[in-house]
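Enquirer: Supplied in structure tokens, the structure appears directly below.
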Amino acid sequence: MSLRVFSSVLLTEKPTTGKGKDKAGIQCVECCCKSLYIGGKDSVVHQLNLPAMGAAAAATPNVREVNRRQMGRGGAVVQLRAIPVLNHLLVLWDGSVTALNMFSLEPVPPLKKLQNVSCMEVSASASPTQPVYVELLTASVKRRCVSLHRVYVNKWECLKQLPLLQEPMALAVREPCVCVATADRYMLHDYESGNTLDLFQHNLSKPNLIVKQAGEREFLLNGPGSLGMFVMSDGISQRPPVPWPEGVLDAAVCFPYTLALQSQAVHVYSMLDQKLKQVIPIPKAGALTSTTEGVFVIAERDIYCLRPSALGDQIEALVAEEEMDQALVLLEGVKDLLPQDTYKDLRKNISCMLGLMHFNQECFREAKELLIESHLDPREVIHLYPEVNSACGDFDTQLPSISNSRDLRTLSREDQASYQRFLHFLGDFLRAVRGTAQAVACRSDVDSALLKVYLQSEETERLLQLVCALNDCHLDLCASALKQHKRFFALGLLYQSHGQHFNAIQTWVWIAEGRYDDSSATNVYDHILSTLRRLNDRDTFWKFADWVLQRDQEAGVQIFIQDTEGSIPPFHSDEVICFLQKYPVSLLTYLEYLVGELKSKEERHHTLLALAYVAQILQQGSGEAVESAGESVRRKLQQLLWQSTQCDAGALHDKISCTSLHTEKAILLGKAGEHKKALQILVHKEKDRQAAVDYCWRTSAGRERDFRQRLFLSLLQIYLDSTPAVGAAADLLNNHAAAFDAMVVLQVLPGSWSAQLVMRFLREALRDAFHQRRMKEVERALARAEQHRLIYTRTKTSNTMIKLESSTMCHVCQRLLTRPEFVFTPTGELAHLHCTTGGKSAQTL
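Numbers 1 to 845, taken from UniProt numbering, label the letters of the sequence shown in order.
Right, here's the structure in full:
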């Protein structure tokens, strides 16, 4: 309750209107414009000049009386109501309502008194029509009714009356609804529709009955159980009740507060959270009147004005006292009353302070949301961490001090588990604001602080993700921190992300060589290969190429093999081949890449690849594993020789002529067209009959049948010329009969061979001869059928009658057909001979 919502100012004291205490007492007040009207218990109406009552007003305002009016010889002035649009002051005295001029306090002659009135209320707004009028509600205890009047400048008229079962004790109006308190209940009446709604009963005495206007179509009532009840004009309560003390004499609403009056003090409650905010002691207070200038408190002989503090000042006072929840409730409740900029500034300030309080209480989820909402400079949060705030350089914090704030330096020494939770929060917060407008002015500080957080919390994966992507870390500061924590692999990534490729790769090389010890680094060599493969800096590339190949030729050559869809321009092949001359394994792999993947058509590449295979085969030692590897290389060489048309066959043959690579020699001879020599090598030197057969089939693939027959006949003659190969010749004939010309074979076979030896060949040859003969007969029959079809079509077309008239137009040039020669198309169109392309697809008649 330390919040000072209202300040109390004594306006006037002991007005002297006669002798005796009772005669000088104050009964009611009304404030309008710069005038304060006082109704005394001695039937006198005073008009006082009211100075400005704002926040800058004097502590003791200078109030002076400018006019007074004696209503009669005795009796208190019960109520005063001003109608500025009509310049009327309505005075309830002696059971009647009198209209006075607001300025002179003289009676308005055309307006006669309204009799039998116990209380009254004036509508807040005037009519928009002419003549202007204001609605007046009066209650009569004697008549047990409420009357609706229209008050004009020079007349008033009674429109309707609401009869009641009990005497009306108090009322309040908000057009078109009037709320009435009777002896035992409260009720609402809509005087436009005529509907009446009973609210609730009460057991209050007349001094404790309270009916006040609280807002737009809202009323404040003194309900049972000492509750201030808010009721809308439809009978529904949209606010929780205010738990005010017992014996409340009067109440008033000055949004967002409700004031409850007891005889010695005014209790101020918030309408937003229903909590008591302030108690203002005022002796012998009897009534409250709420106006635009504040709330007037009427004591027995004094008048006080309760001036509300500016809403912004109230909120800032709550913030200063660290009552953040209350400040936030108040701010949201009065946001519509504040300028937008003021609201945003206060909201940011409250969210920031509340976030810091949650931070100190380790409510990190709430703290993160509030600090982001407040758009707090991330460096303010970083500055709270002594081990991290060096990332912010000479930044000066602007945060106010907060009670019970945590000393993170001491915490890091005494409670490492708690400190790690605070570090985890900082990481979450910085990740959330990184890349947003909140951190745009301090990107380097945010990234550098994140790096330090990951180092202290040993979050290796997040550390690597940070430094391997684009970042704004302070390079020198972060490099020093990484070295201190022996995170050399991450150091290389940091160098790389800042464009220092040489330093990055050199750092990783030292890790691979053991000069740096980093437990988080795995597969450093592979990472170096991947980096060099994507590197666009050719100078740095060549500085480390030798180191990579010296460590592993087979894996290292990958740095020269570029991704076909990558953005890095490929190397010039001649440059790479020259460099790889001292690394034969790498050279072989690179040449395979050029020929196999890039489909190089250069003769030099194909020849060098073949020579590389030959060199590797000739260098093979002994042993089962070596022989297996050698066979694999030979298969690659043979496949290259078979498929490549760019190899220099002569150079290759010269290279392997003195070797045992007989199959390769045969392939090269075949490339030169010397098939018989090739077959002789396969049969006599390689001694691989199946290889000779495969050679015939592979060489003749896609060629005419005569070529295949000549090739197999050559192989047969080689077998026949060799006495030990007679059985091979018979097997060749029997197994591949379809590849031979039977007539030629029978002429070259020795006369000593029996028919039984080549029986299978003879059967296959005879079957093939019959097959070929029948196929030719089928072909001839099909040709005759096609000929007959064409003759029929021509005859049918020739016998068709075509009518040519003098108006017939050429389909092509749209001119008349004047000559008997023309073209008739299959689609039935006619054209000149010279208009068609030689009469294609048409019949000429």
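Note that the Cβ used here is the ideal one computed from N, Cα and C, for glycine as well.
Within 9 Å of any Cβ in chain C, is that where the Cβ of Y269 sits?
Expert: Note that chain C does not occur in the displayed structure, where there is just one protein chain.
Enquirer: Quick one, which of D552, A317, H189 has its alpha-carbon nearest E175's?
Expert: For the purposes of this step, residue 175 is taken as residue 175 along the sequence shown, with counting starting at 1. Among D552, A317, H189, the Cα nearest to that of E175 is on H189.
Enquirer: Would you mind working out which of A785, A738, L749 sits nearest R763, comparing C-alpha positions?
Expert: As a first step, residue 763 must be located in the sequence shown, where it is residue number 763. Measuring from the Cα of R763, the nearest candidate turns out to be A738.
Enquirer: Three or more C-beta pairs closer than 8 Å, one from the segment 586-596 and one from the segment 546-560: is that the case here?
Expert: These segments touch.
Enquirer: Relative to the C-alpha of Q70, which candidate in D94, S444, Q638 has its C-alpha closest?
Expert: Stepping through the sequence shown from its first residue, residue 70 is reached at position 70. Closest option to Q70, Cα to Cα, is D94.
Enquirer: Ignore the nearest five residues each way along the sequence and tell me which others in L532's own chain have a CB closer than 8 Å to its CB.
Expert: In the sequence shown, residue 532 corresponds to position 532, counting from 1. Once the five neighbours on either side are set aside, the close Cβ partners of L532 are I505, F541, F544, A545, V548, I559.
Enquirer: Relative to the C-alpha of G499, which residue among V509, S374, W156, V467 is closest?
Expert: Translated into the one-based positions of the sequence shown, residue 499 becomes position 499. Looking at the Cα atoms, V467 is the closest of the given residues.
Enquirer: Let me know the alpha helix (DSSP H) ranges lying completely inside the segment 688-712, each 4 residues or longer, listed in chain order.
Expert: As far as the segment 688-712 is concerned, its whole alpha helix (DSSP H) runs of at least 4 residues are 689-700.
Enquirer: Going by C-alpha distance, which of R705, F103, V173, V253 is nearest R217?
Expert: As a first step, residue 217 is located in the sequence shown; it is residue number 217 there, counting from the start. Nearest of R705, F103, V173, V253 to R217, Cα basis: V173.
Enquirer: Which residues share a DSSP beta bridge with V91?
Expert: Translated into the one-based positions of the sequence shown, residue 91 becomes position 91. Answer is L80, T98.
Enquirer: DSSP three-state call for G630: helix, strand or coil?
Expert: Here the question's residue 630 lines up with position 630 in the sequence shown. Note: G630 maps to helix in three-state DSSP.
Enquirer: Below 8 Å, how does it come out for the segment 396-405 and the segment 353-360: are there three or more Cβ pairs, yes or no?
Expert: Contact holds: three or more Cβ-Cβ distances are below 8 Å.
Enquirer: Does the pairing of the segment 107-124 with the segment 151-170 give three or more beta-carbon distances under 8 Å?
Expert: Enough Cβ pairs lie closer than 8 Å, so yes.
Enquirer: Taking the alpha carbon of P131 as the reference point, which residue from N101, V85, N116 has its own alpha carbon closest?
Expert: Here residue 131 refers to the residue found at position 131 when the sequence shown is read from its first residue. Minimum Cα distance to P131 is reached at V85.
Enquirer: By DSSP's criteria, residue 848 is part of a beta bridge. Which residues make up the other side?
Expert: What the structure shows of the chain is the stretch from 1 to 845, and residue 848 is not part of that stretch, so it cannot be assessed.
Enquirer: For the segment 710-722 against the segment 669-689, are there 3 or more C-beta pairs whose distance is under 8 Å?
Expert: Cβ pair count under 8 Å is three or more, so yes.
Enquirer: Taking one C-beta from the segment 776-787 and one from the segment 797-808 each time, how about it: are there three or more such pairs within less than 8 Å?
Expert: Flag = no, the segment 776-787 and the segment 797-808 do not touch.
Enquirer: In its own chain, which residues sit with a C-beta less than 8 Å from the C-beta of P241, not counting the 5 before and 5 after it?
Expert: Start at 1 with the first residue of the sequence shown, and residue 241 comes out as number 241. Correct list, in chain order: G223, L227, G228, M229, F230, Q274.
Enquirer: Looking at the structure shown, is P109 part of a helix, part of a strand, or coil, going by DSSP?
Expert: Counted from its first residue, the sequence shown places residue 109 at position 109. In the structure shown, P109 sits in coil (DSSP, three-state: anything other than H, G, I, E or B).
Enquirer: Which class does G499 belong to by DSSP, given the choice of helix, strand or coil?
Expert: Taking the sequence shown and counting its residues from 1, the one referred to as residue 499 is at position 499. G499 falls in the coil class under three-state DSSP.
Enquirer: For D648, tell me which candidate among R634, E631, L669 has the shortest Cα-Cα distance.
Expert: Residue numbering aside, residue 648 sits at position 648 when the sequence shown is read from its first letter. For D648, the nearest C-alpha among the options comes from L669.
Enquirer: Between which residues of its own chain and N471 is the CB-CB distance below 7 Å, once the five residues before and five after are set aside?
Expert: The sequence position of residue 471 within the sequence shown is 471, counting from 1. Contacts found: D447, S497.
Enquirer: F200: buried (16+ other C-beta within 10 angstroms of its C-beta) or exposed?
Expert: What you label residue 200 is simply residue 200 of the sequence shown in a count that begins at 1. It counts as exposed.
Enquirer: To the nearest angstrom, how far is the alpha carbon of A449 from that of A391?
Expert: Position 449 of the sequence shown, counting from 1, holds the residue named residue 449. Position 391 of the sequence shown, counting from 1, holds the residue named residue 391. Each residue's alpha carbon lies about 5 Å from the other.
Enquirer: Measuring straight from C-alpha to C-alpha, what distance separates Q638 and E664?
Expert: Position 638 of the sequence shown, counted from the first residue, corresponds to residue 638. Position 664 of the sequence shown, counted from the first residue, corresponds to residue 664. Roughly 6 Å separates the two Cα atoms.
Enquirer: How would you call F761, buried or exposed, if buried means at least 16 neighbouring beta carbons within 10 angstroms?
Expert: By one-based count along the sequence shown, residue 761 stands at place 761. Label assigned to F761: buried.
Enquirer: So is L384 buried or exposed if we call it buried at 16+ other beta carbons inside 10 Å?
Expert: Locating residue 384 in the sequence shown gives position 384, where the first residue counts as 1. The residue is buried, with at least 16 neighbouring Cβ atoms inside 10 Å.
Enquirer: Under 6 Å Cβ to Cβ from K677, same chain only, skipping five residues before and after it: list those, please.
Expert: By one-based count along the sequence shown, residue 677 stands at place 677. Answer for K677: L669, listed in chain order.
Enquirer: Which one or two residues does DSSP pair with M120 in a beta bridge?
Expert: What you label residue 120 is simply residue 120 of the sequence shown in a count that begins at 1. Answer by DSSP bridge pairing, in chain order: T138.
Enquirer: Does the Cβ of N735 have 16 or more other Cβ atoms within 10 Å, making it buried, or fewer, making it exposed?
Expert: Residue mapping note: residue 735 aligns to position 735 of the sequence shown, counting from 1. It counts as exposed.
Enquirer: State buried or exposed for T793, treating a residue as buried only when at least 16 other CB atoms are found within 10 Å of its CB.
Expert: Here the question's residue 793 lines up with position 793 in the sequence shown. Under this definition T793 is an exposed residue.
Enquirer: E829: buried (16+ other C-beta within 10 angstroms of its C-beta) or exposed?
Expert: Against the sequence shown, residue 829 aligns to sequence position 829. When all chains shown are included, E829 counts as exposed.
Enquirer: Relative to the C-alpha of P51, which candidate in V91, R515, E65 has its C-alpha closest?
Expert: Translated into the one-based positions of the sequence shown, residue 51 becomes position 51. Selected option, being the one with the closest Cα: E65.
Enquirer: What separation, rounded to the nearest whole angstrom, lies between the Cα atoms of C810 and C835?
Expert: Counting from one through the sequence shown, the residue named residue 810 turns up at place 810. Counting from one through the sequence shown, the residue named residue 835 turns up at place 835. Approximately 8 Å, taken between the alpha carbons.
Enquirer: According to DSSP, is T797 part of a helix, a strand, or is it coil?
Expert: Start at 1 with the first residue of the sequence shown, and residue 797 comes out as number 797. Correct three-state label for T797: helix.
Enquirer: From the DSSP secondary-structure annotation, give me the bridge partner or partners of L261.
Expert: Translated into positions along the sequence shown, residue 261 becomes position 261. L261 pairs with D250, V266.
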